[in-house]
Amino acid sequence: FLKELDRKLISAFKDSEIERSRTLDPELKNAIRDSRIAVVVFSRNYASSSWCLDELLEIVNCKKEFGQMVIPVFYGLDPSHVRKQTGYFGKIFEETCLKNTEEVKFQWKKALTNVANLLGYHSVTWGNEATMIE
Numbered sequence: 001f002l003k004e005l006d007r008k009l010i011s012a013f014k015d016s017e018i019e020r021s022r023t024l025d026p027e028l029k030n031a032i033r034d035s036r037i038a039v040v041v042f043s044r045n046y047a048s049s050s051w052c053l054d055e056l057l058e059i060v061n062c063k064k065e066f067g068q069m070v071i072p073v074f075y076g077l078d079p080s081h082v083r084k085q086t087g088y089f090g091k092i093f094e095e096t097c098l099k100n101t102e103e104v105k106f107q108w109k110k111a112l113t114n115v116a117n118l119l120g121y122h123s124v125t126w127g128n129e130a131t132m133i134e
């Protein structure tokens, strides 16, 4: 996916090179805030990462404060599972929430629902993965 963005001369920030900690890294927060567009790729295991969920909170905040465009991509799962935190996605989400407060869980749920309600891309509706990435 990132290779395709590079090929099209679209600058993308990769968070995999940042050391993960309990809180969202300031470098990552700045990268999110400096972006005009945020592409959120939801996979079956997305909700297993409190890091990803915290990134999502920052993205939703930037959408609200700065009008950042947010494009959800649902890769291998039904958007309604993200929207309502159901199915396997919901099960994983609940497990992640056990390690956090009810307030954090509430904020994550709100952010997931907000972004899942946006117009985006669903991998099931594409003929093949390569076409979707393009």
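So in UniProt numbering, spot 106 of the sequence shown is number 106, and the numbers just go up one at a time. C-beta: ideal position from N, C-alpha, C; glycine also. If you're wondering where the values come from, they're calculated on a predicted model, not measured in any experiment.
Counting along the chain, ALA111 sits inside the alpha helix (DSSP H) bounded by residues 102-116.
Annotation: ALA47 is outside any beta strand (DSSP E) and is labelled neither H nor E by DSSP. Nearest neighbour of ASP78 by Cα position, chosen from VAL70, LYS99, CYS97 and GLY120, turns out to be GLY120. Counting along the chain, SER35 sits inside no alpha helix (DSSP H), nor does DSSP assign it H or E at all. Looking from the CA of ARG44, the closest CA among LYS109, LYS64 and ILE92 belongs to ILE92. Inter-residue distance for LEU98 and LYS84 is about 18 Å (C-alpha atoms, whole angstroms). In the same chain as ASN100, and ignoring 5 residues on each side of it, the C-beta atoms closer than 7 Å to its own belong to SER50, in chain order. When secondary structure is reduced to three states using DSSP, TYR75 falls in the coil class, being assigned neither helix nor strand. The count of Cβ pairs closer than 8 Å, one atom from the segment 100-112 and one from the segment 65-76, stays below three, leaving the stretches out of contact. The beta carbon of ALA111 sits closer than 7 Å to the beta carbons of LEU56, LEU57 and VAL60 from its chain, once the five residues preceding and following it are set aside; these are given in chain order.
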